[in-house]
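Notes follow the structure.
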Amino acid sequence: MKTLNRRDFAVDLGLSLAAAVLLPVTTARADDTSMEVHIDNFVFQPPELKIKVGTTVTWTNRDDIPHTVVSAGKFRSKTLDTDDKFSFTFTDAGDYKYFCSLHPHMTGMIKVE
Amino acid sequence: MSGHDHGEDGVSRRKVLECMTWAGTGVLWTITGGVPRSLGIIDSAEAATAAAPGMTFLQISDSHVGFDKPANPNALGTLEEAVNKINAMPVKPSFMIHTGDITHLSKAAEFDNADRIISQSKLDVHYVPGEHDFLDEEVKFYRERYGRGTKGQGWYSFDAGGVHFIGLVNVVDLKAGGLGNLGAEQLAWLEDDLRGKSKSTPVVLFAHIPLWTVYPEWGWGTEDGGRALEYVKGFGSVTVLNGHIHQVMQKVEGNVTFHTARSTAFPQPAPGTASSPGPMKVEDAKLRSMLGVASIDFKQNEQRLAIIDTPLQG
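Chains as they are written, first to last, in our numbering: chain A, 1 to 113; chain B, 1001 to 1314.
Dropping the structure here:
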């Protein structure tokens, strides 16, 4: 029983991991106009998001340390303290690479189609 | 808890060594991280106290005035404790260096509060900015207060006690995916500043983010720091001081000694030992043993500076 359970769990885990990876794509339906990105432990989550033109993405900083959300020439948030949010509506298709200008090793990507 | 702490210590040291192997520096390390009672520090403390009075200066760092999260709800209070410790020193240091992150969110009130406490030391303070000091929209609060007589974004040099001090700024114009950054303009200035200096002049470089690569995964290093270090290579004694990583770490490479200072606000984890470099929550009783100040003694005719780290407690 134990091994079965473990295997079941592994399968579940595999599926949920797959779901997590697919989530941005599968939820970006035409009627989805808003998406969320969280900052936890100096990481943008999810690090990559696929969205349709017209979608608004909202970033929330859940760290104890301030962060920013900056895509060169495209958008730049103010400094986000703990629990502060920043939203941007993507009106043009393209790849938007962004980062935290305070902790530049933090990077993320919004793919707009 | 203490057994657990010992375990963590072991891991962190190993990780640090691993990290330096990845960085490919291939140099000998001496790490005195977070252990102020270690032999090395006792030795240097004895050396300093036994020494004929030379020039002494202090380094404090990462005060994060305005930080109020559980890791330390009273960052202003622990800064005041640090200043009280400085005021209680038997020999008054010549001056103080603050290696950045004076404030947490660059608010005017945070700069005011920091000033009010730090000025109680009645010491000249030479600042360089941390990224937390450049968060106001127009990036003017730091420069209006501390930028007088500085170049560019706030870099400068001065001489004291026969030592040439150079304050560098590596927290502006950071690039996606990158580390700290000095930039071409500052590097050109640095090269010029050092031109004509006798190679026997001891040099102290200080900046917020480490000029050496401590742990790139957490952004703990400076992209073009190597260029700055090239300019000081020929000098007989070079000391590089920084903050940013909120823990003691030391490296000796040829004639260059690298040293990071503790924060007066909150500790951060050793490289790779946590999911992020964010504030480390420790028991209240332990917090003050992980915060502190560093004093540096310079004795004429000696190449090395003796660096003594003093925790707020323990």
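Ideal Cβ placement from N, Cα and C applies to all residues, glycine included.
From a predicted model like this one, the values you see are computed outputs, not experimental measurements.
When 7 Å is used as the limit between beta carbons, T107 (chain A) is near these residues of chain B: A1176 and G1177, in chain order.
Residues of chain A with a Cβ closer than 9 Å to the Cβ of S1276 (chain B) are, in chain order, D40, N41, F42, V43, D63 and I65. Just measuring C-alpha positions, the residue of A:V112, A:E113 and A:M106 sitting nearest P47 (chain A) is A:M106. Per DSSP, the beta bridge partners of Q1059 (chain B) are B:I1097 and B:A1294.
Judged by DSSP secondary structure, L49 (chain A) falls within the beta strand (DSSP E) whose first and last residues are E48 to I51. By the CB criterion at 8 Å, G94 (chain A) and V37 (chain A) fall outside the cutoff. Annotated as distal: G1162 (chain B) and D1173 (chain B), with beta-carbon spacing of 8 Å or more. Excluding sequence positions up to five before and after K1151 (chain B), its CB lies within less than 7 Å of the CB of W1189, all in the same chain and listed in chain order. Residue B:L1287 holds the alpha-carbon nearest to the alpha-carbon of G1077 (chain B) among B:H1126, B:G1100, B:H1098 and B:L1287. Residue contact with chain B for D81 (chain A): present (Cβ-Cβ distance below 8 Å to some residue of chain B). Residues of chain B with a Cβ closer than 8 Å to the Cβ of L49 (chain A) do not exist, since the nearest Cβ in that chain sits about 16 Å away. In the DSSP assignment, V37 (chain A) forms a beta bridge with A:W59. Between G1254 (chain B) and I65 (chain A), the alpha-carbon positions lie close to 36 Å from each other. Within the stretch 1051–1075 of chain B, F1067, K1069, P1070 and A1071 place their CB atoms closer than 9 Å to a CB of chain A, listed in sequence order. In this structure the stretch 1092–1112 of chain B lies against the stretch 1057–1068 of chain B, because at least three pairs of beta carbons, one per stretch, are closer than 8 Å. Going by beta carbons, S1276 (chain B) and F99 (chain A) fall outside the 8 Å limit. Taking the beta carbon of W1155 (chain B) as reference, no residue of chain A falls within 8 Å; the closest one sits roughly 20 Å away. Neighbours of K97 (chain A) across chain B, judged by C-beta separation under 7 Å: A1176. Per DSSP, the continuous beta strand (DSSP E) segment holding L1205 (chain B) begins and ends at V1203 to F1206. Listed along the chain, the chain A residues whose CB falls inside 8 Å of the CB of P1279 (chain B) are D64 and I65.
When B:N1113, B:Y1156 and B:E1137 are compared, the shortest CA-CA separation from D1192 (chain B) is found for B:Y1156. In this structure, the beta-carbon distance from T33 (chain A) to T60 (chain A) does not fall below 8 Å. Sequence-distant partners of T1257 (chain B) (beyond 5 residues in either direction) whose C-beta falls short of 6 Å from its own C-beta, in its chain, are T1239.
Taking C-beta atoms as the reference points, Q1250 (chain B) and H1244 (chain B) fail to come closer than 8 Å. Nearest Cα to P1311 (chain B) within the set B:Q1247, B:V1282 and B:N1242: B:Q1247.
An exposed status is given to R1195 (chain B), since fewer than 16 other beta-carbon atoms sit within 10 Å of its beta-carbon. Annotation for F1141 (chain B): S1106, A1108 and F1111 place their beta carbon closer than 7 Å to its own, counting only its chain and skipping 5 residues before and after. Assigned with DSSP and collapsed to three states, S1119 (chain B) falls in helix. In this structure R1148 (chain B) is exposed. Its beta-carbon is surrounded by fewer than 16 other beta-carbon atoms within 10 angstroms.
Counted as a single uninterrupted DSSP element, the stretch harbouring Q1153 (chain B) is not any beta strand (DSSP E), since DSSP gives it neither H nor E. Contact with chain A is absent for L1287 (chain B), since none of that chain's Cβ atoms lies less than 8 Å from the residue's Cβ. Residue ranges of uninterrupted alpha helix (DSSP H) with 4 or more members, entirely inside the stretch 1199–1274 of chain B and ordered along the chain, are 1225–1232. Around the beta carbon of T89 (chain A), a 10 Å sphere encloses fewer than 16 other beta carbons of the protein chains shown; the residue is thus reported as exposed. For chain A, the residues of the stretch 1102–1132 of chain B that bring a beta carbon within less than 9 Å of one of its beta carbons are H1104, L1105, S1106, E1131 and H1132, in chain order. The three-state secondary structure of H1126 (chain B), taken from DSSP, is strand.
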